[in-house]
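Note that the working numbering numbers the sequence shown so that position 64 is 71, with each residue one more than the last.
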Amino acid sequence: MANTVEEIKQPINEEMKLFEQKFYESMQSKVPLLDKVTRFIVTTKGKQMRPMFVFLCAKLVGDVTEKTYRGASMIELIHTATLVHDDVVDESFKRRNFFSINALWKNKIAVLVGDYLLSKSVLLSTDHKDYDLLGVISRTIREMSEGELLQLEKARKLDITEDVYYEIIRQKTATLIAACCEIGVLSNSTDEILAKKMLDFGTYTGMAFQIKDDLFDYLSSNVIGKPVGIDIKEQKMTLPLIHTLKIANEKDRKYYFDTIKRYNNNPKRVKELIEFVKNSGGLEYAITIMKDFQQKAKDILNEFPDSEARRSLHIMLDYVIERKF
C-alpha cells in the first residue's frame, strides 16, 4: 500500500514537500511548550491524505497557488485538532503507534493545543482574506461537531436507522474530505458550480472511506491494530450491524440488541454477534453500498479531461476501499 500512496503523490511530489514546511510554519508559536507539542505533531504525522486531496483537486482544474498551500494547511490543522480532541474524549493513549498528546502532556494541555490549532486554521484564512475558504472550514468544524454529538446521542438509545447512520458518517468523516476537494477548486477558481461538484466528489469518497473503516470491525485480518468487535464493545451502530438487525426476525433482533446493550463486554456474546452479522449478509450489504458511493465519485471524476491529477484521484478512490488499514 505504501507504493500506492507514492503513486497517488506522483503529480504533487514537489508540492507535498513544500507543504510540510509551510504546515509547520503555520503551527508555530512564541510559547515554548506549544512549539514542543507542534514539533511532536509534525514528526508523528500520518500519510497526509487530506492535503493530497487539496493539491490534486487544485491541479484537476488549474494550478497550485499560495492559496492552495494555505487551504491544505487549514485542513490539516483542523484534522490534527480533531484527532487531539478525539484522543482526550476516547481516553486513548496511542495514536499511530506513538503516545498521544494527552498521554504525554495530560488532558488539559491536549484540549488547549487542539483549540490553538483550530484558531490557527481560522487565522490563516482571515490574515490572507480568504473568506471563501473561511466559510468552508467554519461549516466543516460545525458539521464534524454535530456528527459526533448525533452519534453520541443515538448510541445512548441504540436507535440508529440507516439514514441516520449516513448522516452521522457524512458529518463526522465525509465533510472534511469534501472540504479538501472544495478548497482545492476554490484555491484557483471562482467557479462555484465546479466547487460544488468537487464537494460532492469528496462527500461520496468520504462515505466510502468510513464504511470501509466500519468493516474492519468484523475482519480478523485487519492490520490497523484495532481489535475485532471494538465498535460493538463501544455500542457503535455501524452499517453491517444496522442492516443485519433490520432484516433479522424478532427473536434474533431482541437477543442481539441485548448483546449490544448489556453484554457488549462479554467476548463470547460479541463473537457470536460478529458471526451473526457475517452469516446474515451484513458485510456484503455494506460493501455494495460502499462501492456505490465509490462509483458515484468516479462518475464525477470522469467528467473531467484525462490528466495526471485525475489518474491519481482514481487511484485514491480504489485505495480508499482496498486499503488494509
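Every residue gets a Cβ at the ideal spot worked out from N, C-alpha and C, and that includes glycine.
Quick caveat: nothing in here was measured; it's all calculated off a predicted structure.
Simplified DSSP assignment, three categories, for residue i
i: VAL235; result: coil
i: PRO58; result: helix
i: PHE311; result: coil
i: ASN114; result: helix
i: ASN273; result: coil
i: ARG330; result: coil
i: ALA186; result: helix
i: THR197; result: coil
i: GLY288; result: coil
i: VAL38; result: coil
i: LEU25; result: helix
i: GLY209; result: helix
i: VAL154; result: The sequence shown places Gly at residue 154, rather than the Val named in the question. If DSSP states are grouped into helix, strand and coil, GLY154 belongs with the helices.
i: ILE15; result: helix
i: ASN10; result: helix
i: THR168; result: coil
i: ASP70; result: coil
i: HIS250; result: helix
i: HIS135; result: coil
i: GLU32; result: helix
Among the options, nearest to residue i - alpha-carbon criterion
i: ILE294; options: MET323, LEU248 and ARG276; result: LEU248
i: VAL235; options: THR245, ASP224, GLN242 and MET244; result: ASP224
i: PRO58; options: ASP265, ASN271 and CYS188; result: CYS188
i: GLY69; options: LEU125, ASN195, GLU32 and ILE307; result: ASN195
i: ARG318; options: LEU63, LEU41 and THR45; result: LEU63
i: GLU150; options: ALA185, ASP170 and GLU73; result: ALA185
i: THR333; options: TYR76, ILE48, THR72 and PHE60; result: Because residue 333 is not part of the residues shown, which for the chain are 8 to 332, the question remains open.
i: SER128; options: THR87, GLU241, ASN114 and ILE167; result: THR87
Inter-residue spacing [alpha-carbon to alpha-carbon] between residue i and residue j
i: LEU157; j: ILE175; result: 7 Å
i: ARG269; j: GLY289; result: 22 Å
i: LYS43; j: GLU22; result: 26 Å
i: LYS243; j: PHE283; result: 16 Å
i: ASN10; j: ASP139; result: 35 Å
i: ASP221; j: LEU246; result: 7 Å
i: SER314; j: ASP198; result: 20 Å
i: VAL277; j: LEU67; result: 45 Å
i: ILE200; j: LEU124; result: 30 Å
i: GLU160; j: PRO18; result: 43 Å
i: ASN229; j: LYS331; result: Only weak support exists for where ASN229 lies, its pLDDT of 45 falling under 50; the value from the coordinates is given anyway. For ASN229 and LYS331, the distance between alpha carbons rounds to 6 Å.
i: VAL192; j: ILE281; result: 42 Å
i: LEU320; j: GLU14; result: 10 Å
i: SER132; j: SER33; result: 11 Å
i: GLU329; j: VAL38; result: 42 Å
i: ILE296; j: GLU155; result: 22 Å
i: ALA181; j: GLN217; result: 8 Å
i: GLY232; j: SER126; result: With a pLDDT of 47 at GLY232, under the threshold of 50, the modelled position of that residue is not reliable, and the figure given next carries that caveat. Going by the C-alpha atoms only, they are around 32 Å apart.
i: LEU41; j: LEU226; result: 39 Å
i: GLN178; j: ILE148; result: 9 Å
i: VAL118; j: PHE60; result: 27 Å
i: PHE264; j: LEU165; result: 8 Å
i: THR45; j: GLU73; result: 22 Å
i: THR75; j: PHE311; result: 20 Å
i: LYS285; j: LEU130; result: 48 Å
Looking at C-beta atoms only, is the number of pairs between the stretch 303-314 and the stretch 205-216 that lie closer than 8 Å three or more?
Contact between the stretch 303-314 and the stretch 205-216 is present, because at least three Cβ pairs lie under 8 Å.
Below 8 Å, can you find three or more Cβ-Cβ pairs linking the stretch 136-154 to the stretch 82-89?
The count of Cβ pairs closer than 8 Å, one atom from the stretch 136-154 and one from the stretch 82-89, reaches three, so the stretches are in contact.
Does the stretch 162-181 come into contact with the stretch 21-37, if we say contact requires no fewer than three beta-carbon pairs (one atom in each stretch) closer than 8 Å?
Result no; under three Cβ-Cβ pairs closer than 8 Å.
Touch test, the stretch 211-226 against the stretch 254-265, Cβ-Cβ under 8 Å, three pairs minimum
No: the two stretches stay apart, fewer than three of their Cβ pairs being nearer than 8 Å.
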